[in-house]
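Since the structure comes first, as structure tokens, the remarks are kept for the end.
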Amino acid sequence: MAGSPKDLQFREMKDTITELNKLIKTLRETIEMLKAQQEQVSQERDNLKEQVDYLTKKLFGRSSEKGIAQIPGQMELFNEAEAEQDPALAGQEETFATEPPADKKTRRPRKDNAERFQGIPVEKRYLDIPEEGRVCGICGTPLEKIGEEFVRREIQFTRPKVKILEYYSVNYGCPSCRKDAEQPCIIKGKEGHAHRVHGMASASTVAWVIYQKYFNGMPLYRQESDWKQCGARISRATLANWVIWNADAFFRPMYDFFRKKLLERRFIMADETVCQVLHEPERRAQTQSYMWLYRSGEDGGPPIIIYKYSETRAGENAVDFLDGYNGYLMCDGYSGYNKLRSAKRTACYAHIRRYLIDAIPKGKELDYTQPAVQGVMYLNRLFEEEGKIKKKNLPFDAIKQARLEKEKPVIEGFLSWLEKQAPVKGSRMAKAVTYARNRIPYFMTYLEDGRCSLSNNPSLSEAFTYPQLFEKAPVCGAFYEKRCG
Numbered sequence: 057m058a059g060s061p062k063d064l065q066f067r068e069m070k071d072t073i074t075e076l077n078k079l080i081k082t083l084r085e086t087i088e089m090l091k092a093q094q095e096q097v098s099q100e101r102d103n104l105k106e107q108v109d110y111l112t113k114k115l116f117g118r119s120s121e122k123g124i125a126q127i128p129g130q131m132e133l134f135n136e137a138e139a140e141q142d143p144a145l146a147g148q149e150e151t152f153a154t155e156p157p158a159d160k161k162t163r164r165p166r167k168d169n170a171e172r173f174q175g176i177p178v179e180k181r182y183l184d185i186p187e188e189g190r191v192c193g194i195c196g197t198p199l200e201k202i203g204e205e206f207v208r209r210e211i212q213f214t215r216p217k218v219k220i221l222e223y224y225s226v227n228y229g230c231p232s233c234r235k236d237a238e239q240p241c242i243i244k245g246k247e248g249h250a251h252r253v254h255g256m257a258s259a260s261t262v263a264w265v266i267y268q269k270y271f272n273g274m275p276l277y278r279q280e281s282d283w284k285q286c287g288a289r290i291s292r293a294t295l296a297n298w299v300i301w302n303a304d305a306f307f308r309p310m311y312d313f314f315r316k317k318l319l320e321r322r323f324i325m326a327d328e329t330v331c332q333v334l335h336e337p338e339r340r341a342q343t344q345s346y347m348w349l350y351r352s353g354e355d356g357g358p359p360i361i362i363y364k365y366s367e368t369r370a371g372e373n374a375v376d377f378l379d380g381y382n383g384y385l386m387c388d389g390y391s392g393y394n395k396l397r398s399a400k401r402t403a404c405y406a407h408i409r410r411y412l413i414d415a416i417p418k419g420k421e422l423d424y425t426q427p428a429v430q431g432v433m434y435l436n437r438l439f440e441e442e443g444k445i446k447k448k449n450l451p452f453d454a455i456k457q458a459r460l461e462k463e464k465p466v467i468e469g470f471l472s473w474l475e476k477q478a479p480v481k482g483s484r485m486a487k488a489v490t491y492a493r494n495r496i497p498y499f500m501t502y503l504e505d506g507r508c509s510l511s512n513n514p515s516l517s518e519a520f521t522y523p524q525l526f527e528k529a530p531v532c533g534a535f536y537e538k539r540c541g
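For what it's worth, this note's numbering labels the leading residue of the sequence shown as 57, then goes sequentially.
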């Protein structure tokens with residue numbers, strides 16, 4: 057039985073409402089999806105802007121990681137008690153207001169010539185009067201020397217000279233034996249062993265080539281031109297052979313000795329950096345190679361610094377060099393070092409601080425509401441306390457005790473701050489927080505011994521003292537392990 061017109065109208069309106077509800081739900085879902093996409097696009101845009109600011113700062117900004125100024129705020133909680141406990145400070149307020157700050161840097165006095173050229177031999181040259189001019193122009197009496205007077209000082213550079221040394225043996229024979237004996241007695245003059253059995257290079261020549269190449273950074277092709285100007289036509293291939301042969305023959309025993317001594321130490325620092333090698337067999341010139349730096353720690357012993365070349369950054373390179381080492385190892389967060397099971401790792405707070413500095417938004421260096429700035433403030437305080445301890449020249453046991461008293465609370469505060477961070481995924485702050493959290497197991501290791509270091513900065517400063525671009529073969533100098541053909 058058909059319904060009445062009102063029932064049909066009611067059903068139509070009910071269906072319309074249902075369709076409208078479905079449409080509203082669909083539109084709401086679309087709006088939510090668009091909002092999520094907009095937030096994602098906005099975040100990607102912010103991340104890209106952050107990356108542009110970071111790269112711009114790396115290209116054109118200052119390289120120093122030192123903060124612009126000490127920002128007042130929550131970090132003063134660490135030294136508030138020390139500042140307030142001295143009652144004598146109240147009576148010295150006027151004195152402090154008028155006196156210059158104690159740590160104000162004074163301008164270094166300009167060095168005189170005696171300091172600038174200390175150790176350089178001095179040759180005196182006299183501006184004398186000719187013999188015929190040493191006569192009095194008034195009475196004709198011969199003049200007498202009454203003294204000397206300083207006129208001027210000059211620096212003279214003598215260009216290296218090339219000369220050929222030919223050695224001849226002087227032979228002696230017995231005149232009697234020559235006539236009567238079956239075997240005549242002949243003695244030849246000997247001058248010792250030559251520097252090389254084959255070739256003309258003397259020890260001084262090879263030393264000069266290596267010095268120019270690795271100390272002055274002069275490529276072999278430029279040295280080839282320099283030798284030509286001195287009158288000697290020596291090809292760069294010959295110069296390369298001199299360097300390679302002598303490095304392997306004379307420096308490898310020294311390298312092996314220092315590596316052995318380094319592994320006997322209880323504290324080692326390590327770092328690796330990219331280098332480029334030209335004309336390497338079966339590799340493109342654009343392919344990245346790596347230079348590994350290993351050096352002794354700040355334990356008061358004689359410093360040992362060794363470089364090791366490798367074609368890759370694989371962790372096996374560190375394992376091969378540090379095979380069996382079970383002391384303290386200071387390095388960055390590169391996962392390749394995780395393969396060193398026996399070494400006791402320590403965290404480098406300089407690397408952690410560098411990540412946080414890179415995460416500070418442009419123009420926000422003094423905004424201590426920024427999480428990255430807060431993290432940098434903690435680490436700045438840590439380095440400040442370490443500097444105060446090192447200035448006192450304390451024994452290692454006293455350094456350990458001072459670190460436990462002054463630096464451990466700062467690290468605990470930093471860990472508490474780090475635990476509360478929830479940065480946006482993909483941002484530089486997220487990278488900094490992730491890097492720091494991955495290093496948490498090693499945060500307190502350096503507190504176990506006063507000879508441990510707070511950062512890997514000594515290694516970082518040494519990692520860029522060798523040439524970044526090599527000719528033909530990888531490194532062939534005194535501290536390099538790989539022999540190249």
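Idealized CB from N, CA, C, for every residue including glycine.
Quick caveat: nothing in here was measured; it's all calculated off a predicted structure.
Report yes if the CB atom of Ala428 is closer than 9 Å to the CB atom of Arg484, and no otherwise. In the sequence shown, counting from the first residue as 1, residue 428 sits at position 372. In the sequence shown, counting from the first residue as 1, residue 484 sits at position 428. In this structure, Arg484 lies closer than 9 Å to Ala428 by Cβ.
Would you check if the region 229-239 and the region 274-287 touch, i.e. whether three or more CB-CB distances between them fall below 8 Å? no
Please name the residue, chosen from Ile80, Phe470, Tyr363 and Tyr405, that lies closest to Cys508 on a Cα-to-Cα basis. Stepping through the sequence shown from its first residue, residue 508 is reached at position 452. For Cys508, the nearest C-alpha among the options comes from Tyr405.
Supposed close pair Lys456, Gly506 - CB separation, criterion 8 Å: In the sequence shown, residue 456 corresponds to position 400, counting from 1. In the sequence shown, residue 506 corresponds to position 450, counting from 1. Sure, about 4 Å apart at Cβ, within 8 Å.
Give me the Cα-Cα distance between Ala458 and Ile445, rounded to the nearest whole angstrom. Within the sequence shown, the letter at position 402 stands for residue 458. Within the sequence shown, the letter at position 389 stands for residue 445. When rounded, the distance between both Cα atoms is 7 Å.
Under the rule that 16 or more other beta-carbon atoms within 10 Å means buried, what is Cys532, buried or exposed? For this step, residue 532 is matched to residue 476 along the sequence shown. At Cys532 the pLDDT is 35, less than 50, meaning the model places this residue with poor confidence and gives no usable figure here.
Any chance the region 253-265 sits against the region 287-304, with 3 or more Cβ pairs inside 8 Å? yes
So, does the region 306-318 touch the region 356-368, judging by three or more C-beta pairs under 8 Å? yes
Given Pro186 as reference, the closest of Lys201, Cys195 and Leu90 once Cα atoms are compared: Indexing the sequence shown from 1 puts residue 186 at position 130. Comparing Cα positions, the closest option is Lys201.
DSSP beta-bridge partners of Trp348: The count along the sequence shown starts at 1 and reaches residue 348 at position 292. In DSSP, Trp348 forms a bridge with Glu328 and Lys364.
Please confirm whether Leu385 and Met325 have their CB atoms less than 9 Å apart. By 1-based counting over the sequence shown, the position of residue 385 is 329. By 1-based counting over the sequence shown, the position of residue 325 is 269. In this structure, Met325 lies closer than 9 Å to Leu385 by Cβ.
Just to check my reading of the structure: Arg369 and Tyr346 have Cβ atoms closer than 8 Å, yes? What is that Cβ distance to the nearest angstrom? The residue labelled residue 369 in the question sits at position 313 within the sequence shown. The residue labelled residue 346 in the question sits at position 290 within the sequence shown. Indeed they touch by this definition, with Cβ atoms about 5 Å apart.
Span of the alpha helix (DSSP H) around Arg493: In the sequence shown, the residue the question calls residue 493 occupies position 437. It spans Arg484 to Asn494 - the alpha helix (DSSP H) in which Arg493 sits, taken as one unbroken run.
Residue nearest to Leu474 in terms of C-alpha spacing, selected from Ala454, Tyr434 and Glu504: Within the sequence shown, residue 474 is the residue found at index 418, counting from 1. The option with the nearest alpha carbon to Leu474 is Tyr434.
Sequence-distant residues of its chain with Cβ nearer than 7 Å to Asp423 (five each side left out): Position 367 of the sequence shown, counting from 1, holds the residue named residue 423. Here the set comprises Val429.
Cα-Cα separation between Ile73 and Gln107, rounded to whole angstroms: As a first step, residue 73 is located in the sequence shown; it is residue number 17 there, counting from the start. As a first step, residue 107 is located in the sequence shown; it is residue number 51 there, counting from the start. Using only the alpha carbons, I get a separation of about 50 Å.
Going by Cα to Cα distance, which pick from Gly482, Ala492, Asn302 and Ala478 is closest to Ile467? Translated into the one-based positions of the sequence shown, residue 467 becomes position 411. Among Gly482, Ala492, Asn302 and Ala478, the Cα nearest to that of Ile467 belongs to Ala492.
Between the CA atoms of Thr214 and Val489 - distance to the nearest angstrom: Locating residue 489 in the sequence shown gives position 433, counting from the first residue. Locating residue 214 in the sequence shown gives position 158, counting from the first residue. Roughly 58 Å between the two C-alpha positions.
Among Arg410, Glu88 and Asp355, which one has its Cα closest to the Cα of Lys113? Position 57 of the sequence shown holds residue 113. Ranking Arg410, Glu88 and Asp355 by Cα distance to Lys113 puts Arg410 first.
Can you tell which of Glu354, Gly175, Phe66 and Arg234 has its C-alpha closest to the C-alpha of Phe452? What you label residue 452 is simply residue 396 of the sequence shown in a count that begins at 1. Comparing Cα positions, the closest option is Glu354.
Taking Lys464 as the reference, give the member of Gly443, Pro479, Leu438 and Trp264 with the closest Cα. Looking up residue 464 in the sequence shown gives position 408. Of the listed residues, the one whose Cα sits closest to Lys464 is Leu438.
Distance, Gly196 Cα to Gly203 Cα: Sequence index remark: in the sequence shown, residue 203 carries index 147 (1-based). Sequence index remark: in the sequence shown, residue 196 carries index 140 (1-based). Gly203 and Gly196: Cα-Cα distance of roughly 20 Å.
Indicate the three-state DSSP secondary structure (helix, strand or coil) for Tyr384 in the structure shown. To locate residue 384, count along the sequence shown from 1; it is residue 328. Correct three-state label for Tyr384: strand.
With a 10 Å radius around its C-beta and 16 neighbouring C-beta atoms as the bar for buried, classify Glu95 as buried or exposed. The sequence position of residue 95 within the sequence shown is 39, counting from 1. So Glu95 counts as exposed.
Please state the DSSP three-state secondary structure of Asn227. Taking the sequence shown and counting its residues from 1, one reaches residue 227 at position 171. Strand.
Output the distance between the C-alpha atoms of Ile211 and Asp327, rounded to the nearest integer angstrom. Here residue 211 corresponds to residue number 155 of the sequence shown, with the count starting at 1. Here residue 327 corresponds to residue number 271 of the sequence shown, with the count starting at 1. For Ile211 and Asp327, the distance between alpha carbons rounds to 42 Å.
In terms of DSSP beta bridges, what is Ile211 paired with? What you label residue 211 is simply residue 155 of the sequence shown in a count that begins at 1. Paired residue(s): none; Ile211 is not in a bridge.
What is the DSSP secondary structure of Val429, counted as helix, strand or coil? Along the sequence shown, one-based indexing puts residue 429 at 373. Reduced to three states, the DSSP call for Val429 is helix.
In chain order, what residues of the same chain have a beta carbon less than 7 Å from the beta carbon of Asn494, not counting five sequence neighbours either side? Position 438 of the sequence shown, counting from 1, holds the residue named residue 494. Excluding residues within five positions, the ones whose Cβ falls inside 7 Å are Gly389.
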